[in-house]
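In my numbering, the protein residues as written are 589 to 1225.
Think of the CB as a built atom: it goes at the ideal place given N, C-alpha and C, for glycine as much as any other residue.
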Amino acid sequence: MPRRPHHDGSPLYVSTQSPALGEAVVLRLRVPHDDGPAASVRVLAHPDHEPEWTPARSLGVDHAWEWWEASITVRNPRHGYRWLIVRGDGGVQWVNQSGVHDIETRDADDFALVTHPAPPAWMTDAVMYQIFPDRFARSVHADSRAAPDWATPASWSDPVDPVLPGRSQQWYGGDLDGITERLDHLVNLGVNLLYLTPFFPAASNHRYDAVRFDEVDPLLGGDEALIRLIEAAHRRGIRVIGDLTTNHSGDRHEWFRAALGSPEAPESDFYLFTDPDNTTYESWLGTPSLPKFNWGSAELRRRFIEGPDSVVAKWLSPPFDADGWRIDVANMTGRLGEVDLNADVRQTLRRTMIEVNPDTLLIAEITNDASQDLTGDAWHGAMTYPSFARPLWGWLCTPSEEPYLTAEGAMRTEPWFFGQPLGGIPRYTGRQFVDAVERFTAGIPWRVRLGNMQTLDSHDTARFATHARPEVVPVAVGLSMTLPGLPVLFAGDEFGLTGADGETSRTPMPWGTESEPETALRLDLYRDLIRLRRTHPALATGGLRWLHRGDDAIAFVREHPHEAVLVLASRAAARVVLEPGDLLEPAGARRVFGPAELAVGDDGAVELQSAGAAFSAWALPRVEVPRAGGVAAHASL
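Okay, structure coming up:
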């Protein structure tokens, strides 16, 4: 594909990811030199929504690129900007996060500098492992616990019941001490961030219908078991975040029981009752067991999200010392009809976290377009699907013809696809995959994009392996580890578990099968790809430049001041030719993963060739940026 001007929010192009209001930030742009020299380059920003133009200066030409540099002053908490290139022949190019354009572009797709408190530095080094506690492991204490009134006990080898009420009431008895006993599995994989779905008492196996927020479910081992788990994880270099429902509680929650039918109760305004007697109420998607919170209540805020005595603060403080939260249904929190308190809630929540421990992470569940809420004011990233998982499935998955049961017990053959009524999994090309990634990240500041969870699947989705040929699994896992964002494994992916939807994917872990040949190979794959991610800083914070987008193969390079990593991902045999100048110093390429071949021609062109579905990566020398006057400089700004 033709070379295009390039800028992103990474350290090669932006001098700081954590600017203060009034701070000058240095920006760089690289422009293909073989298109002819640019007559001028400027940065357009809109401080206080008024256009402000800043001229850039040329740093000189390095190989096939001319580098430009400008300094702008950050004047608003979210300071957007874009580049304008004017060519000698009068042609113009606008460069923003959605790409390169020959007509004027929208402010919504601008690059953005954010002055709100930055995410913890450890976020970009994290590889996340998600655990659904009931299905991960049973400790020696589990057998002594009686089944609660809501539960239908199941043996560890029993199949998951996909039909209501079993899908929410089937109870396998996994607990937190069981996780603690299996932490060495996480260490061996190389993951260093553990995400637990809710651990509060509830009336379901998923626990998103909390009965209270001030204690750990005794079925999981109670408060002491959580303390033991987090302490043991921290000793192994693994951080732990929990899962909190700020949109709703369960209808058995003590606050709701106090308010139901009692308008005079202090908790009466915690929920959105729709009649004077507090007997009817708003709930999550009309589900009566999940009454929706009213975030106009000052007392709810005080108890739940505001200050050192709140629920949010309690679990981040000693003796628990959790490392952050994933917020369930964050996109709906504080929103109903004409009311929208979402920004106020998330900002209050984050302020409390900063007061308790600023080195904590805040992730929002926003399953569809997340750009509206990912402004950098609170959420550090999102559990979201259209910017990675959905288009990846469309490119790599093959629909299964096997029927499965719906929640109501009906037989279905239409493959599950993230709740979308598309008649099955869409068939995308590699170009469409890249286009989707660009479209759904264009409105998100770079540093927030780095916190977006790169999930192949989760406890709310079918398992990727259900619809994927074995040979494309390394491609999918490799992309999750090498594209910008937070890589995620849902417990059991490394064992090749399958599931047709978000309930049947919650399969108990098949402990004891680790030495079986297919499982051993898959475990090795995950270990190797996690090691790749954590070994190369370019894959954590480096920029992203797309080099090829075809039907069956894509290629990109992640560039960092200290190194670059070239990636080829293909779903079938492919030959990709990169033009001279696409890569700096390609002769220094060193294979770090995968079977594809790389050859450099006499003219500097690079040929990449895979014999079939494959994921491959090469380490490259660091990028050298010229200084004004033609002297090469270290790439760090």
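Buried versus exposed, by CB contacts within 10 Å (16 or more), A821: It counts as buried.
Determine the DSSP secondary structure at W1004, reduced to helix, strand or coil. coil
Test item: CB-CB of A1053 and T1092 under 7 Å: no
Per DSSP, which residues does N684 bridge with? Please list them. G687
So, are the CB atoms of A970 and L962 less than 7 Å apart? yes
Residue burial classification, A1064 (beta-carbon count within 10 angstroms, cutoff 16): buried
Buried versus exposed, by CB contacts within 10 Å (16 or more), V602: buried
Does DSSP classify T740 as helix, strand or coil? strand
Could you check whether Q685 and I673 sit closer than 7 Å to each other, using their CB atoms as the reference points? no
L647: which of G624, V619, I815 and D1140 sits nearest, CA to CA? V619
Using a Cβ-Cβ cut-off of 7 Å (strictly less than) and excluding sequence neighbours within five positions of A735, which residues of its own chain qualify? P741 and W759
Would you call the region 1113-1129 in contact with the region 1071-1084, where contact means no fewer than 3 C-beta pairs closer than 8 Å? yes
Checking 7 Å against the spacing of the C-beta atoms, do R939 and L950 come in under that value? Cβ distance not < 7 Å, so R939 and L950 don't count as in contact.
Cβ neighbour criterion (16 or more within 10 Å) applied to D1191: exposed
A1050 and A1088 - do their beta-carbons sit closer together than 7 Å? yes
Following the continuous alpha helix (DSSP H) through F844, name the residue where it begins and the one where it ends. If you look at F844, you'll find it in the alpha helix (DSSP H) that goes E842 to A847.
Suppose you measure from the CA of A813 to the CA of R723; what does that come to, to the nearest Å? 16 Å
For A846, collect the residues of the same chain with a Cβ closer than 7 Å to its Cβ; drop the 5 residues on either side in sequence, then sort them by chain order. A853 and E855
Cβ-Cβ separation, G1066 to A1201 (assumed contact under 8 Å), whole Å: Rounded, the Cβ-Cβ distance is 11 Å, inconsistent with contact.
Neighbourhood of R840 by C-beta, 6 Å cutoff - its chain only, sequence neighbours within 5 removed: A791 and V799
Tell me which residues share the same chain as E1195 and place their Cβ nearer than 6 Å to its Cβ, disregarding the 5 neighbours each side in the sequence. V1165 and A1187
Given this structure, state the Cα-to-Cα distance separating L860 from T875, to the nearest angstrom. 14 Å
Following a CB-centred definition, is R795 positioned closer than 6 Å to any heavy atom of the ligand ATP? Absence of the ligand ATP from the depicted structure is noted, as is the absence of any ligand whatsoever, leaving it without description.
First through last residue of the alpha helix (DSSP H) which encompasses P1062: Under the DSSP assignment, P1062 falls in the alpha helix (DSSP H) whose first and last residues are V1061 to T1070.
Cβ separation of L782 and L774, assumed to be a contact under 8 Å, to the nearest whole Å: That belief holds up - the Cβ atoms of L782 and L774 are roughly 7 Å apart, short of 8 Å.
Pull up the distance between the alpha-carbon of R1178 and that of L1171, whole angstroms please. Each residue's Cα considered, the two are about 13 Å apart.
Straight-line gap, G1011 to A1175 (C-alpha atoms, nearest Å): 47 Å
Could you have a look at E657 and say whether DSSP puts it in helix, strand or coil? strand
Nonlocal neighbours in the same chain, by C-beta distance under 8 Å from P987, ignoring five residues either side: Cβ neighbours of P987 beyond the five flanking positions: P1003, G1012, I1013 and H1055.
With C-beta atoms as the reference, is N780 less than 7 Å away from G825? yes
Taking 7 Å as the cut-off, decide whether the C-beta atoms of L617 and H667 are in contact. No, Cβ-Cβ distance for L617 and H667 is not below 7 Å.
By Cβ distance, which residues of its chain are closer than 8 Å to R1115, with the 5 residues on each side in sequence left out? N776, L777 and G778
Looking at the unbroken beta strand (DSSP E) that takes in M971, where does it start and where does it end? Annotation: the continuous beta strand (DSSP E) that includes M971 extends over G969 to M971.
Determine the DSSP secondary structure at E1104, reduced to helix, strand or coil. coil
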